[in-house]
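Inspection log for the structure reproduced underneath, given as structure tokens.
In my numbering, the protein residues as written are 2 to 676.
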């Protein structure tokens, strides 16, 4: 049987043997393993190629100083697993509760070695099909009209073994160092190779190129042993608490900001690195100058023959020579293995380190090629968490659901509820859902309304960038309007220059909810599905086009949106206004009364009371409702007339139990307006 299966997986093309799989995943890092998990759960034919001997090889080397900046919050006061993932930035999604990262480290900022162990266990315990020691060195296309996407992907590894796939998932991450070439750049040490022993820097003066977390991580390691550290970059420092972007500078690494602002010799400078030049003197010291001062001179010609900035400006900031210059400029995507036929092009501007992809995470140049994980961060760069585990674990699941619908006819998972559960469904999700919370402004819950708004269909965590394609991408129809539930920060609350600690920074009143600054739920209502044209013309920094109606649930200090008056009541009234219906719940007595006094019963009475569903009333429950002001103090004396007292109790109980009130025949008997 094994030989037969092996032989069946061989396809012959152009005289070469190709091992065929429906899905090929390149890279066994976190996103590759997450994709493999979903493919395996769906019983799909797939393989993961990993160039190293174990998964997560990037974390075996980086970060160099071994401390992750992804939080591992083990206690939240809640037992809800979905809620707790909001504050677990390291775990991948699976059905196995043993595969939560908190079981691998007790540290709030874990050691990277714990991540390596975690990924190894994730792959082995779930028996994911990973092919190790396989480096894919070339990818090209083979046109075929019978293929899923009109072509096959042909992959070649380092041993010239060939593979053929119908769909390609690229999960290689960002691992090629960013390098800036300028005169004297040969004297620069890279983050990937520089010593991590602080004693090697004792008594030295150091210049660091870059201003991200790797630069500050390096500075933090040697801060206590150097003469001083200068840091230069083309942009100002961005603090994550101000930008609300987890990829910006985190507090755990910002010790150099203290020593800079408190004038303890260290400092930050802004400048274009391509304008710099480094010259080395006879003592091995490194001097910073500007490129145009060199005038085509050879940097090895000697320091005495080269003009330095301090020769003209005697207080030039970097006039002191340095012992070492370290490059910490981050990483970029490896485009080298992809044939031109795939049209894998870099992005533009500050996204040029990423491949160009659509909001569906599919390559703009090639159908069927999806980019996962850190390399897919161009979709939400500097906006959300798609470049990090706690973000791309959800976007990877979204890609899997898109593929399931496209290739296997499996619609996007959904649940149908009666319209009476609309408010409760939204409140439950905004208080628990981790995907909405982590991928704010990118993933959204979609509520598709059924005809006459009697029921709705709930879809979770759909990419809002492809909202116009919802019917095609999910296999679900939206002919009767929809709600989109998304999480957002305030429009003007995030930015490198923002003071996020100003007085009265939070909003507490429901009537001012639209001015909320901190992360909070926003509900968009559309009478019809937005078009692609409307998506392109949406206002700047808006995740969605202008809706027919929008509602902000006021921000909450505890991120607990369950307050009856501040959160639930305004939401319910917004939904009622959009649907022109009454979404309240009623006691049986009220439904009974409405049947005689209204032309149309509220949905709760139609779907509950009239169908003999709901709570059975009692005198105690009715009296409680009267005392709470929920019901008027109707008595049955008017209906029971002069019956003996001992017969009234039985008649009352019988009336409370009688739910089969025929509504339609009564409508011609009453002419009362709705109260």
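Just so you know, even glycine gets a beta-carbon here, dropped at the ideal spot from N, CA and C.
| task | Please go through the same chain and pick out, in chain order, the residues whose beta-carbon is closer than 6 Å to the beta-carbon of residue 331, but skip the five residues on each side of it. | result | Result list for residue 331: 179 and 213, in chain order.
| said: Please identify the residue among 89, 77 and 28 whose C-alpha is closest to the C-alpha of residue 386. | reply: Comparing Cα positions, the closest option is 89.
| Count the other CB atoms within 10 Å of the CB of residue 165; is the residue buried (16 or more) or exposed (fewer)? | So residue 165 counts as buried.
| Secondary structure of residue 613, DSSP reduced to three states | Looking at residue 613 - three-state DSSP - the assignment turns out to be coil, as it is neither helix nor strand.
| said: So, for residue 287: in the same chain, excluding its five sequence neighbours on each side, which residues have a beta-carbon less than 8 Å away from its beta-carbon? | reply: The beta carbon of residue 287 lies closer than 8 Å to those of 185, 188, 208, 279, 280, 281, 322, 323, 324, 325 and 326 in the same chain, with the five residues before and after it left out.
| request: State buried or exposed for residue 542, treating a residue as buried only when at least 16 other CB atoms are found within 10 Å of its CB. | output: When all chains shown are included, residue 542 counts as exposed.
| field | Residue of 107, 96 and 120 minimising C-alpha distance to residue 61 | value | Among 107, 96 and 120, the Cα nearest to that of residue 61 is on 120.
| query | Exposed or buried, residue 267, counting other C-beta atoms within 10 Å across all chains shown (16 or more means buried)? | reply | Residue 267 comes out buried.
| message | Could you give the first and the last residue of the continuous beta strand (DSSP E) run that contains residue 154? | response | Residues 152–158.
| request: Assign residue 496 to one of two classes, buried (16 or more other C-beta atoms within 10 Å of its C-beta) or exposed (fewer than that). | output: Classification of residue 496: exposed, given that the 10 Å Cβ count is below 16.
| query | By DSSP, does residue 168 sit in helix, in strand, or in coil? | reply | The three-state secondary structure of residue 168, taken from DSSP, is strand.
| query | How far does the beta strand (DSSP E) with residue 128 in it reach, from first residue to last? | reply | Element bounds for residue 128: n/a, residue is neither H nor E.
| said: Assuming the contact rule is C-beta atoms closer than 8 Å, residue 133 and residue 145 should be a hit. Round their C-beta distance to whole Å, please. | reply: A Cβ-Cβ separation of about 30 Å leaves residue 133 out of contact with residue 145 under the 8 Å criterion.
| field | Terminal residues of the beta strand (DSSP E) in which residue 445 lies | value | Where residue 445 is concerned, the enclosing beta strand (DSSP E) stretches over 444–450.
| message | Judging by CA-CA distance, which residue of 256, 397, 320 and 557 is the nearest neighbour of residue 95? | response | When only C-alpha atoms are compared, the closest one is 397.
| query | Alpha carbon to alpha carbon, how far is residue 21 from residue 339? | reply | Going from the Cα of residue 21 to the Cα of residue 339 covers about 19 Å.
| message | For residue 155 and residue 401, what's the separation of their Cα atoms in angstroms? | response | Their Cα atoms are separated by approximately 21 Å.
| query | Which of the three DSSP states, helix, strand or coil, is assigned to residue 549? | reply | The answer is coil: DSSP assigns residue 549 none of H, G, I, E or B.
| task | Quick one: grab the DSSP three-state call for residue 604. | result | Of the three classes helix, strand and coil, the one that applies to residue 604 here is helix, per DSSP.
| Whole alpha helix (DSSP H) runs in the stretch 343–424 with 4 or more residues, listed along the chain? | Qualifying alpha helix (DSSP H) stretches, in chain order: 390–409.
| Taking one C-beta from the stretch 51–70 and one from the stretch 210–225 each time, how about it: are there three or more such pairs within less than 8 Å? | Yes, the stretch 51–70 touches the stretch 210–225.
| request: Mind checking which residues open and close the alpha helix (DSSP H) that includes residue 84? | output: Note, residue 84: alpha helix (DSSP H), 82–85.
| Which runs of the beta strand (DSSP E) fall wholly inside the stretch 181–265 and span at least 3 residues, in chain order? | The stretch 181–265 contains these whole beta strand (DSSP E) runs: 206–210 and 229–234.
| task | Specify the secondary structure class of residue 677 as computed by DSSP and reduced to three states. | result | The structure shown does not extend to residue 677, since the chain is modelled only from 2 to 676, so the question has no answer here.
| request: Tell whether a beta-carbon distance below 7 Å holds between residue 485 and residue 445. | output: Yes, the pair counts as a contact, with Cβ atoms nearer than the cut-off.
| query | Is it buried or exposed for residue 563, if we count other Cβ within 10 angstroms and need 16 for buried? | reply | Counting the other CB atoms within 10 Å of its CB gives residue 563 a total below 16, which places it among the exposed residues.
| field | Where residue 568 sits in the DSSP three-state scheme | value | Under the three-state reduction of DSSP, residue 568 is assigned to helix.
| request: Determine contact between the stretch 547–559 and the stretch 513–530, defined as no fewer than three beta-carbon pairs at a distance below 8 Å. | output: These segments touch.
| query | Roughly how many angstroms separate the alpha carbons of residue 18 and residue 355, rounded to a whole number? | reply | Distance between the alpha carbons of residue 18 and residue 355 is about 33 Å.
| Three-state secondary structure (DSSP) of residue 178 | Residue state, collapsed to three classes: strand.
| request: Compare the Cα-Cα distances from residue 403 to each of 392, 424 and 461 and report the closest residue. | output: Nearest of 392, 424 and 461 to residue 403, Cα basis: 461.
| Is residue 60 helix, strand or coil when you go by DSSP? | Three-state DSSP puts residue 60 in a helix.
| field | First through last residue of the alpha helix (DSSP H) which encompasses residue 626 | value | 620–628 is the span of the alpha helix (DSSP H), which, as asked, contains residue 626.
| said: Tell me the rounded alpha-carbon separation between residue 409 and residue 472. | reply: Cα to Cα, residue 409 sits roughly 16 Å from residue 472.
| task | Give a yes or no on whether the C-beta atoms belonging to residue 250 and residue 217 are separated by under 7 Å. | result | Yes, they are a contact pair.
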